[in-house]
Each structure stands twice: as structure tokens, then as C-alpha cells.
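Novice:
Numbering (my numbering), first residue to last: 58 to 164.
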């Protein structure tokens with residue numbers, strides 16, 4: 058398999074992990090994202106209810122482990138090899154969208 062083909066396969070896999078968000082306007086609605094307070098993974102409430110947090114094995118409940126207060130979004134396709142992921146301490150997480158700051162530090 059060529060590296061271009063492998064990259065395309067990774068992109069397709071990654072796209073399925075990104076929360077589906079409708080654009081505002083044009084009849085669409087805005088989907089609210091929440092951040093895991095431990096690893097900063099961003100997902101919808103429905104996604105957390107269905108799969109909890111894939112990075113945090115002791116994720117107990119949506120209300121206790123997530124927040125809607127966050128700033129900045131970074132998308133990680135290959136966290137282990139990502140410079141940004143390493144700088145933010147997110148090298149050992151699943152591919153996805155992450156908040157840069159979470160909770161009171163984001164206010």
C-alpha cells in the first residue's frame with residue numbers, strides 16, 4: 058500500500074471519530090461540544106453517553122467528568138507523532154478533537 062493510500066485510509070478512519078457538527082444558519086443547528094476535564098477530548102453529550110471517554114478508563118458520569126467551558130480546539134490525527142499533541146501532553150490519546158484549555162482556566 059502506498060503512503061498516499063495509507064494517509065487516505067487514516068483520514069477516513071479519523072473522520073468517523075470527529076463529532077458531526079452542523080453549520081449555523083441555512084436551517085442548520087449548532088451542536089454543543091463538551092470537554093472531558095481530564096484529557097480534554099471534545100464530543101457531544103450523546104457521544105459521551107454512548108462511549109464515555111475512550112482515554113479515561115475511570116470516567117464515571119457525564120455530569121461529573123465534562124465541562125462546556127473550554128477554549129481552543131486542536132484536531133489530532135496521529136497523536137503519537139504530532140508536535141502539537143506532544144506540546145499539549147496529548148501524545149497517548151485517541152485521534153479526535155481536543156480543547157486546549159478546560160474549566161476555569163478557559164474563562
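Every residue gets a Cβ at the ideal spot worked out from N, C-alpha and C, and that includes glycine.
In this text, all values refer to a predicted model and were calculated from it rather than measured experimentally.
In terms of alpha-carbon separation, which member of 102, 122, 106 lies closest to residue 95?
Specialist: That would be 122, whose Cα lies nearest to the Cα of residue 95.
Novice: Alpha carbon to alpha carbon, how far is residue 134 from residue 92? Give it in angstroms, no decimals.
Specialist: Computed Cα separation, rounded: 18 Å.
Novice: Would residue 160 be called buried (16 or more neighbouring beta carbons within 10 Å of its own) or exposed?
Specialist: The residue in question, residue 160, is exposed, as its Cβ has fewer than 16 Cβ neighbours within 10 Å.
Novice: Thinking C-beta only, is residue 154 closer than 9 Å to residue 100?
Specialist: Yes.
Novice: Applying the 10 Å Cβ sphere with the 16-neighbour rule, what's the burial state of residue 140?
Specialist: Answer is exposed; the Cβ neighbour count stays below 16.
Novice: State buried or exposed for residue 150, treating a residue as buried only when at least 16 other CB atoms are found within 10 Å of its CB.
Specialist: It is buried - the Cβ of residue 150 has at least 16 other Cβ atoms within 10 Å.
Novice: Looking at residue 142 and residue 136, is the spacing between their C-beta atoms short of 9 Å?
Specialist: Going by C-beta atoms, residue 136 is nearer than 9 Å to residue 142.
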